[in-house]
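Have a look at the structure below before the remarks.
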Amino acid sequence: MEENSVFIVGAGTFGTALAERLAWNKANHITLFTIEPHVYQDLKENHRNTTYFPGRQINSSIRAVNTFTEAQEADLILLAVPSFAAEQTAQNLSPLLNKGTRVISLAKGLSTEGLLLSEVLPFDHLAVLKGPTFAVEIMNGMPSAFTLGGNREDLSFLRHAVLPSTAITLDHTEDIRGVELLSILKNAYAISVGIISGRYNSPNAEFLVITKALNEMRLLLEQYGCSGDTVFRYCGIGDLGLTSLNDLSRNRTLGLLIGKGFYSDMGHTILIEGMKTVKVFGERIISRGEEHTFPLLYGLYSLMYDHKDIHIFCSELLSLS
Numbered sequence: 202m203e204e205n206s207v208f209i210v211g212a213g214t215f216g217t218a219l220a221e222r223l224a225w226n227k228a229n230h231i232t233l234f235t236i237e238p239h240v241y242q243d244l245k246e247n248h249r250n251t252t253y254f255p256g257r258q259i260n261s262s263i264r265a266v267n268t269f270t271e272a273q274e275a276d277l278i279l280l281a282v283p284s285f286a287a288e289q290t291a292q293n294l295s296p297l298l299n300k301g302t303r304v305i306s307l308a309k310g311l312s313t314e315g316l317l318l319s320e321v322l323p324f325d326h327l328a329v330l331k332g333p334t335f336a337v338e339i340m341n342g343m344p345s346a347f348t349l350g351g352n353r354e355d356l357s358f359l360r361h362a363v364l365p366s367t368a369i370t371l372d373h374t375e376d377i378r379g380v381e382l383l384s385i386l387k388n389a390y391a392i393s394v395g396i397i398s399g400r401y402n403s404p405n406a407e408f409l410v411i412t413k414a415l416n417e418m419r420l421l422l423e424q425y426g427c428s429g430d431t432v433f434r435y436c437g438i439g440d441l442g443l444t445s446l447n448d449l450s451r452n453r454t455l456g457l458l459i460g461k462g463f464y465s466d467m468g469h470t471i472l473i474e475g476m477k478t479v480k481v482f483g484e485r486i487i488s489r490g491e492e493h494t495f496p497l498l499y500g501l502y503s504l505m506y507d508h509k510d511i512h513i514f515c516s517e518l519l520s521l522s
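Numbering-wise, the numbering used here puts 351 at position 150 of the sequence shown, and it's gapless, one number per residue.
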């Protein structure tokens with residue numbers, strides 16, 4: 202059996218869950234990197250990650266490290282860090298890698314300058330992996346799916362070498378930027394669905410908004426020079442559905458709180474991925490005079506940053522006025 206050396210950067214919830222899941226394939230030799238000393242010691246000494254998965258045992262074959270030394274020999278690097286840490290982590294890691302080392306980013310979010318991460322991460326060979334996957338579901342062994350944005354060699358390597366026996370499935374597109382863009386946009390639209398859910402508790406109203414969201418997402422893909430069809434991949438309609446309709450989603454939960462009237466201090470006391478997305482894309486829409494082209498995203502921006510009345514927001518969103 203040919204062995205695969207997999208180096209996972211980030212031992213938070215998603216990195217740890219993915220390490221555990223990939224260890225199901227006995228051909229995978231998993232190394233899990235963390236910068237958190239207590240997480241490193243816990244993994245190394247107890248085969249646990251109590252900080253992120255209290256009470257769970259971690260596969261003893263997974264090796265914990267706190268340096269990038271072993272990344273130099275890896276067949277695959279998985280970047281599983283928060284978006285705000287992705288650029289700095291990549292800058293520290295990149296000089297140590299062999300030219301052409303296969304790197305796949307799982308980070309979801311914009312760069313500090315508001316760019317797609319694929320535009321700023323300094324790797325020779327970069328693909329992205331996004332999909333309708335909560336970390337706890339990955340950890341619990343539920344069948345799960347991702348979209349791979351990358352070339353067909355990446356797809357073949359994952360499907361035939363890394364993912365067998367893991368119950369993880371893939372669809373594929375070479376539209377890397379489109380996959381990234383959708384993984385960012387769905388957070389904002391999930392807030393809007395959460396608001397409507399909190400306000401009306403109505404499946405009819407929820408799917409009215411989801412349909413509008415898919416149309417706006419497809420149009421934004423085309424504006425960014427991406428394929429509109431990417432919205433039909435796991436990273437598009439799948440991830441939007443998961444994030445919008447399940448209460449494990451922080452973005453949906455924020456929307457629920459707003460819709461029920463329990464939260465109004467926008468942007469000051471909490472940090473949710475979708476809030477930055479709403480701000481960045483709302484400002485873009487206004488600067489381009491496209492308020493009527495993207496009424497859902499613009500309405501959300503007006504509610505969260507221009508103090509629009511929530512009754513007016515909901516009425517306009519549901520086309521009641």
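For every residue, glycine included, the Cβ atom is placed at its ideal position computed from N, Cα and C.
Treat the numbers as computed from the prediction; the structure is a model and nothing was measured.
>> Let's test the definition: count the other Cβ atoms within 10 Å of the Cβ of lysine 227 and tell me whether it reaches 16, buried, or not, exposed.
In response: Here lysine 227 is exposed: its Cβ has fewer than 16 other Cβ atoms, across all protein chains shown, within 10 Å.
>> Quick check on threonine 470: does DSSP put it in helix, strand or coil?
In response: Here the model assigns threonine 470 a pLDDT of 48, short of 50, so the residue's position is not dependable, and the following value carries that caveat. Under the three-state reduction of DSSP output, threonine 470 falls in the coil class, being neither helix nor strand.
> Using DSSP with H/G/I as helix, E/B as strand and the rest coil, what is threonine 313?
Replying inline: Judged by DSSP in its simplified three-state form, threonine 313 adopts coil rather than helix or strand.
> Terminal residues of the continuous alpha helix (DSSP H) containing histidine 230?
Replying inline: Premise fails: histidine 230 lies in the beta strand (DSSP E), 229-234, not in any alpha helix (DSSP H).
> Among residues of its own chain, excluding the 5 on either side of phenylalanine 215, which ones have a beta-carbon nearer than 6 Å to its beta-carbon?
Replying inline: Only residues of its own chain outside the window of five on either side were considered, and among them Ala281, Ala336 have a CB closer than 6 Å to the CB of phenylalanine 215, listed in chain order.
> Quick one: what's got a C-beta closer than 6 Å to alanine 368's C-beta in the same chain, skipping five residues either side?
Replying inline: Taken in chain order, the residues that qualify are Pro344.
>> Here's the rule: buried if 16 or more other CB atoms are within 10 angstroms of the residue's CB, otherwise exposed. What is threonine 232?
In response: Per the 10 Å Cβ criterion, buried.
> Any idea what DSSP makes of serine 403, helix, strand or coil?
Replying inline: Taken through DSSP and simplified to helix, strand or coil, serine 403 comes out as coil.
> Thinking C-beta only, is isoleucine 487 closer than 8 Å to arginine 451?
Replying inline: The Cβ atoms of arginine 451 and isoleucine 487 lie no closer than 8 Å to each other.
> Which two residues bound the contiguous alpha helix (DSSP H) that contains aspartate 355?
Replying inline: Per DSSP, the unbroken alpha helix (DSSP H) holding aspartate 355 starts and ends at 353-358.
> At which residue ranges does the stretch 435-488 contain complete beta strand (DSSP E) runs of 3 or more residues, listed in the order of the chain?
Replying inline: As far as the stretch 435-488 is concerned, it has no whole beta strand (DSSP E) run of at least 3 residues.
> How big is the Cα-Cα spacing for histidine 508 and glycine 395?
Replying inline: Rounded to whole angstroms, histidine 508 to glycine 395 spans 18 Å at the Cα level.
> Of all the options Leu501, Glu375, Ala272, Arg378, which has the alpha carbon lying nearest to the alpha carbon of leucine 455?
Replying inline: For leucine 455, the closest of Leu501, Glu375, Ala272, Arg378 by C-alpha to C-alpha distance is Leu501.
>> In whole angstroms, give me the CA-to-CA distance for proline 296 and aspartate 325.
In response: Whole-angstrom Cα-Cα distance: 11 Å.
> With 16 as the cutoff for other CB atoms within 10 Å, does alanine 272 come out buried or exposed?
Replying inline: Under a 10 Å Cβ-count criterion, alanine 272 is classified as buried, with 16 or more other Cβ atoms of the shown protein chains found around its own Cβ.
>> Whole angstroms are fine: how far does the CA of glycine 332 sit from the CA of glutamate 375?
In response: So the two alpha carbons sit approximately 15 Å from each other.
> For the putative contact between methionine 418 and tyrosine 435, defined by C-beta atoms under 8 Å, what is the C-beta separation to the nearest angstrom?
Replying inline: The Cβ separation is near 14 Å, so there is no contact.
> What do you reckon, is the C-beta of isoleucine 231 under 7 Å from a heavy atom of the ligand SAH?
Replying inline: Annotation note on the ligand SAH: not contained in the displayed structure, which lists no ligands.
> What does asparagine 205 pair with, by DSSP beta-bridge criteria?
Replying inline: Paired residues: Asn229.
>> Quick check on the burial criterion: 16 or more other C-beta atoms within 10 angstroms. Buried or exposed for glutamate 274?
In response: Of the other Cβ atoms in all chains shown, fewer than 16 fall within 10 Å of the Cβ of glutamate 274; this residue is therefore exposed.
>> Contact defined as beta carbons within less than 8 Å: I believe asparagine 388 pairs with threonine 478. What is the distance between those atoms, to the nearest angstrom?
In response: With 8 Å as the limit, asparagine 388 and threonine 478 qualify as a contact, their Cβ atoms being about 5 Å apart.
>> Just to confirm my understanding: we take glutamate 288, look at its own chain, exclude 5 residues before and 5 after, and list those with CB closer than 8 Å. What are they?
In response: Counting only Cβ-Cβ distances below 8 Å, and skipping sequence neighbours, we find Ser312, Thr313, Leu318, Val321, Leu322.
>> Do valine 410 and isoleucine 397 have their beta-carbon atoms positioned less than 8 Å apart in this structure?
In response: Less than 8 Å separates the beta-carbon of isoleucine 397 from that of valine 410.
> So, is phenylalanine 358 buried or exposed, given that buried needs 16 or more other C-beta atoms within 10 angstroms?
Replying inline: That one is buried.
> With DSSP run on the structure shown, which of helix, strand or coil describes alanine 265?
Replying inline: Collapsing the DSSP output to three states places alanine 265 in a strand.
>> Does alanine 308 come out as helix, strand or coil in the three-state DSSP assignment?
In response: Looking at alanine 308 - three-state DSSP - the assignment turns out to be coil, as it is neither helix nor strand.
> Between serine 206 and histidine 239, is the Cβ-Cβ spacing less than 8 Å?
Replying inline: With contacts defined by Cβ atoms closer than 8 Å, serine 206 and histidine 239 do not form a contacting pair.
>> If distances are taken between C-alpha atoms only, which option among Leu223, Arg489, Tyr401 comes closest to isoleucine 459?
In response: In terms of CA proximity to isoleucine 459, Tyr401 leads the group Leu223, Arg489, Tyr401.
> Is it buried or exposed for asparagine 260, if we count other Cβ within 10 angstroms and need 16 for buried?
Replying inline: Burial state of asparagine 260 is exposed, judged by a 10 Å Cβ sphere holding fewer than 16 other Cβ atoms.
> Thinking just about the alpha-carbon of each residue, which of Glu492, Ile377, Phe347, Thr302 is nearest to the one in phenylalanine 208?
Replying inline: Considering only alpha carbons, the answer is Thr302.
>> With distance defined between alpha-carbon atoms, name the residue in Gly256, Phe234, Asn299, Gln292 nearest to threonine 268.
In response: For the options Gly256, Phe234, Asn299, Gln292, the alpha carbon positioned closest to that of threonine 268 is the one of Phe234.
>> Does serine 503 come out as helix, strand or coil in the three-state DSSP assignment?
In response: Collapsing the DSSP output to three states places serine 503 in a helix.
> In this structure, does DSSP put phenylalanine 408 in helix, strand or coil?
Replying inline: Collapsing the DSSP output to three states places phenylalanine 408 in a helix.
>> Using DSSP's beta-bridge definition, name the partner residues of threonine 370.
In response: As DSSP reads the structure, threonine 370 sits in a beta bridge with Ala346.
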